[in-house]
Amino acid sequence: MHFAFTDEQGMIAETAKTFFAENATSERTRTAMADTGVDKLLWQTFAAELGLAGVAIPEVLGGVGLGMVELAILAEEAGRHTAALPLLASLALAAPAILAGGSDEQKAHLLPRLASGELIASFAAVNSDGTPGAMFSDGTLTGAALHVPHGASADLFVVATNNGVAIIERGAPGLGITPLTSMDQTRPYARLDFGGVAAEALANPREAANAAFTTGWLAIAADALGGAQACLDHTVAYAQERVQFGRSIGSFQAVKHRLADMMIAIEQARSAVYWAACAIDEESDEAPFAVHAAKAFACDTYTHCAGEMIQLHGGIGFTWEHDAHLYFKRARSNASLLGTPDWHREQVAGLAGLDEAA
Amino acid sequence: MKLGFSPEEEAFRAEAAAWLKSELEGAFADVRGLTSLIEMPERRRDWEHRLGEAGWSCVGWPKAYGGRDATLAQQVIFAEEYARAGAPPRLNHIGVELAGPTILAFGSEEQKARFLPAIARGEEIWCQGYSEPGAGSDLANVRTKAWREGDDWVIEGQKVWTSLAQFSDWIFAIARTEDGSKGPKGLSFLLVPVDQPGVTVRPIHQITGEAEFNETFFDGARTHAANILGAPGDGWTVAMGLLGFERGVSTLAQQMGFRNELDAVIAAARANGEAKNPLIRQRIAKAEIGLKLMRYGALRMLTDAEGGRLNPSALTYKIQWATWRRDLGELAMDVLGQAGETVAGHEHAFPALPNLFLYSRADTIYGGTNEIQRNIIAERALGLPREPRGDLK
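See the structure below:
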């Protein structure tokens, strides 16, 4: 038992921290927000120069061959800067689905290009509003996926349906891609209309969907952790420098106690994220519980901290110019995407044995 | 990062579990599953002796002082197995978790040899004399005085909220040993025998109806001059050094007790159908998640401590568990409904879950209130300005 980063993990964390701090600046993120929601230079540097896009893809398939802890580290650091990257869509959803459920040929064909950043992929799952999502039969996709993250930037889609998981390329005849104006512009959604387009099946759909959800939930939780920590760090700095009534506002208990509450939640979120990452890597029986717990807890923490960031900054925190809204909007998007905190807690309630006979 | 235990550690687990099972299904079956700190005190003393005899009392201490030299992982494992086996809360938990570690850290060789084996063997039970009527959250405002007379310290004053003093042989107390000193300066950390004419212990009945706390009066109480930890005037440093120990391995044993309490809430919810209520399901799930996060938070903290680092996140632990348990008490009553508000018979003694609802109101007060914890976190972990002091007497 050693619940701290190894030296190698510590180095990855340092590298990622420095990289995002230097490159995923507010200015660059805002430029990407006004465009497609992808900072293409950042993505190229991240994937090609640092070689980090393939962190959880095996070395024989062009990746780095590490695990969920390392993926969580990257997602946390990206989240700290609300980096405009298709990290979730491409690396935490599409790639694990192909790795777990693809044929050898599909894996060899696609994963090296995802690892190098040459291809951006995304993932479409059942619609959260209850409308029928995509249907897949006889090699044909019908229906629609309403909220596909970074969907307008993706070259390739993994589409999970009730009767199979399909992959389909951007240019496939009949595939409609409609970019959606999205509250979170760092990870905008697109609507996909399939309309009977031909698609290729993944060999093991169940494994593919499980891997995509598990890794996706973890990556969203890690992104939320990094974002929440950034909200706290920025707000502490502001509370120290902002003077009212002749005192720094951080000396008032009404303010400092709220900052303490943010830290209390964040430290629990940190335990949740890395517990879940380890549990998946170690194939522990606790893994499903841990991942649902992490997604629910970290997203609630982010929502709480981003709201407090605006409140404790006062009027300036409500302006477009200040970055608080970037966090607030990403927190909102993280909470909804792939299951709300309430839904994840309901899964925990089932795993905790509430449905067993008295 | 690694969460699993090695085969050697799992072997240690099996050994500990087997011993606990044989004792708690054998000679100590009568104390198995007790949750109150003060029920059956004589049998609890016997249990302390038995743990000591078998070397399972203070597993993390050096063998020379009655411990087992257990590694951190082994201590975690023992704490888990202890609670899993339904072993009762330790009557001497203040000796084992607070007095002992402080003596280990600050005591002279003579003091360690004198006091530690007696704690490990369960022969001397300890209590803590910190709070006073005028020194609660502002603990440094201690007024109890002590001065030297011949080979003794003489102590005069009053302590309050001294848990388990009625069963204790020794009390560690902070007293003002420099006339006219104020705040944290001029305090000394004294070890005082309880059984003497100058010490009076009076029970305080709490909202549960039990009397676990006491007022302790020092009226010309005496202790030998050698019974001081650290130098005269260094008492505050010694007392604050102890706060670190409160966040040690014992937290994991405490959590296993919480596990048993949460299981009881879940069992009650299944039995009366509340387990189907979506709002109750959300709250139980939150409690489940909170408990796991305490466990993994404690493991992070302990891993850091093993590497010689005190992670500032350790400062968040007290408010976390205290608030979690208070919430669990409220959840328990919402699950039980009015059935939880009545009890058969004339004694004002409620079963475990309603008692938890009442008792847990103390958790967010003792050992530093939630408000003081937030100050500590904001000031020490986040670097925010200190609270300005007032000047009211």
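Residue numbers (numbering that gives the first Met the number 0), protein chains in the order written: chain A, 0 to 357; chain V, 0 to 392. For every residue, glycine included, the Cβ atom is placed at its ideal position computed from N, Cα and C.
Where does residue i land, buried or exposed, given buried means 16+ other C-beta within 10 angstroms?
i, result
"A:Arg269", "buried"
"A:Arg246", "exposed"
"A:Trp274", "buried"
"V:Leu21", "Note on identity: in this sequence residue 21 of chain V is Ser, with Leu being the wrong assignment. Flag for V:Ser21 reads exposed."
"A:Asp328", "Inspection of the sequence shows that residue 328 of chain A is occupied by Lys rather than by Asp. Label assigned to A:Lys328: buried."
"V:Arg89", "buried"
"V:Ser136", "exposed"
"V:Glu123", "buried"
"V:Glu340", "exposed"
"V:Gln372", "buried"
"V:Asn226", "buried"
"V:Glu109", "exposed"
"V:Arg280", "buried"
"A:His108", "exposed"
Please confirm whether residue i and residue j have their CB atoms less than 8 Å apart.
i, j, result
"V:Gly106", "V:Gly51", "no"
"V:Gly289", "V:Trp323", "yes"
"A:Ala189", "A:Gly215", "no"
"A:Ser136", "A:Leu113", "no"
"A:Thr17", "A:Ala83", "no"
"V:Ala286", "V:Val334", "no"
"A:Ala330", "A:Ala305", "yes"
"A:Ser102", "A:Ala153", "no"
"V:Arg269", "A:Ala357", "yes"
"V:Ala98", "V:Trp55", "no"
"V:Val193", "V:Asp168", "yes"
"V:Thr434", "V:Gly229", "Nothing can be reported for residue 434 of chain V: it is not among the residues displayed for chain V, which extend from 0 to 392."
"V:Leu383", "A:Gln239", "yes"
"V:Trp60", "V:Leu19", "no"
"V:Val58", "V:Arg67", "yes"
"V:Pro40", "V:Phe166", "yes"
"V:Gly149", "V:Ala174", "no"
"A:Asp222", "A:Ala74", "yes"
"A:Ala15", "A:His80", "no"
Just checking my contact of residue i with residue j at CB under 8 Å: how many whole Å lie between their CB atoms?
i, j, result
"V:Ile154", "V:Phe217", "4 Å"
"V:Thr101", "V:Gly307", "So it is not a contact: roughly 19 Å between Cβ atoms."
"A:Ala197", "A:Val164", "Going by Cβ atoms, the distance from A:Ala197 to A:Val164 rounds to 15 Å, so no, they are not a contact pair."
"V:Leu298", "A:Met0", "7 Å"
"V:Val95", "V:Pro132", "So it is not a contact: roughly 28 Å between Cβ atoms."
"V:Pro231", "V:Ser187", "5 Å"
"A:Met262", "A:Glu307", "Their Cβ separation, rounded to whole angstroms, is 11 Å, which puts A:Met262 and A:Glu307 out of contact at 8 Å."
Whose C-alpha, out of the options, is nearest the C-alpha of residue i?
i, options, result
"V:Tyr316", "V:Arg308, V:Gly306, V:Met300 and V:Pro116", "V:Met300"
"A:Arg186", "A:Pro178, A:Leu353 and A:Phe212", "A:Pro178"
"V:Ile364", "V:Phe188, V:Trp125, V:Ser130 and V:Ala377", "V:Ser130"
"V:Asp151", "V:Val191, V:Gly25, V:Leu251 and V:Met0", "V:Val191"
"A:Leu65", "A:Ile11, A:Glu21, A:Gln105 and A:Gly78", "A:Ile11"
"A:His303", "A:Ala253, A:Glu285 and A:Leu224", "A:Leu224"
"V:Thr302", "V:Met39, V:Gln73 and V:Asp262", "V:Gln73"
"A:Gln346", "A:Gly314, A:Val290, A:Asn333 and A:Gln310", "A:Val290"
"A:Asn333", "A:Ser181, A:Gly314 and A:Phe2", "A:Ser181"
"A:Ala348", "V:Ala348, V:Pro387, V:Trp46 and V:Ile265", "V:Ile265"
"V:Gly32", "V:Arg83, V:Phe11, V:Ala53 and V:Tyr64", "V:Arg83"
"A:Ala276", "A:Glu355, A:Ile219 and A:Ala323", "A:Ile219"
"V:Arg12", "V:Pro40, V:Tyr81, V:Met0 and V:Glu41", "V:Tyr81"
"V:Leu251", "V:Ala16, V:Val75 and V:Ser35", "V:Val75"
"A:Pro287", "A:Gly194, A:Ala71 and A:Thr213", "A:Thr213"
"V:Gln337", "V:Leu352, V:Leu314 and V:Leu327", "V:Leu352"
Please compile the residues from chain V whose C-beta is within a distance smaller than 8 Å of the C-beta of residue i.
i, result
"A:Phe327", "Going along chain V, no residue has its Cβ under 8 Å from A:Phe327, so there is no contact; the nearest lies around 21 Å."
"A:Phe4", "Met0"
"A:Cys277", "Met0, Lys1 and Leu2"
By the criterion of Cβ-Cβ separation under 7 Å, what are the contact partners of residue i in chain A?
i, result
"V:Pro384", "Ser247, Gly249 and Ser250"
"V:Val153", "The contacting residues do not exist; V:Val153 stays about 40 Å from chain A at best."
"V:Phe4", "Met0"
"V:Glu410", "Nothing about residue 410 of chain V can be read from this structure; chain V reaches only from 0 to 392."
"V:Lys144", "Per Cβ cutoff of 7 Å: no residues; V:Lys144 is ~32 Å from chain A at best."
Say the cut is 7 Å; is the CB of residue i nearer than that to a heavy atom of the ligand SAM?
i, result
"A:Val37", "The model on display carries no ligand, and the ligand SAM is accordingly not part of it."
Which residues in chain A sit within 9 Å of residue i, going by Cβ to Cβ distance?
i, result
"V:Val75", "Met0"
Please list the partners that residue i has in chain A, where partner means a Cβ-to-Cβ separation under 8 Å.
i, result
"V:Gln281", "Asp341, Arg344, Glu345 and Ala348"
Under 9 Å Cβ-Cβ, which residues of chain V neighbour residue i?
i, result
"A:Gln8", "Met0"
"A:Ser283", "Leu2 and Gly3"
"A:Gly194", "Chain V residues near A:Gly194: none, gap ~38 Å exceeds 9 Å."
So residue i contacts chain V; which residues on that side make the cut at Cβ distance below 7 Å?
i, result
"A:Ser270", "Leu292, Tyr295, Gly296 and Arg299"
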